[in-house]
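This report refers to the structure that appears directly beneath it.
Residue numbers (our numbering): 52 to 130.
Right, here's the structure in full:
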């Protein structure tokens with residue numbers, strides 16, 4: 052065993068510290084994932100509401116197509 056080699060106790064302490072860090076990282080990732088899932092669900096509900104609103108507006112336009120007769124078509128893109 053060389054003079055610079057860690058003792059078994061030092062090696063155990065180092066491994067315990069690494070394990071604690073990995074556990075903390077895993078908990079933090081789980082927390083962030085839960086937050087993102089909640090945000091995703093909220094955005095999904097908003098999209099569903101907007102989709103329903105769009106369908107209602109299309110139905111109110113009478114012909115059921117996107118946009119009405121009174122809305123002009125945008126000009127073609129200029130490249």
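Using N, Cα and C, we set each Cβ at its ideal position, and we do this for glycine too.
- Query: Any idea what DSSP makes of residue 76, helix, strand or coil?
  - Reply: Within the chain shown, residue 76 is the residue found at index 25, counting from 1. Correct three-state label for residue 76: helix.
- Please report how far the alpha carbon of residue 106 lies from the alpha carbon of residue 95, in whole angstroms. If you number the chain shown from 1, residue 106 lands on position 55. If you number the chain shown from 1, residue 95 lands on position 44. Each residue's alpha carbon lies about 16 Å from the other.
- Cβ pair residue 57, residue 65 closer than 8 Å: Within the chain shown, the letter at position 6 stands for residue 57. Within the chain shown, the letter at position 14 stands for residue 65. Against a cut-off of 8 Å, the Cβ pair of residue 65 and residue 57 comes out as a contact.
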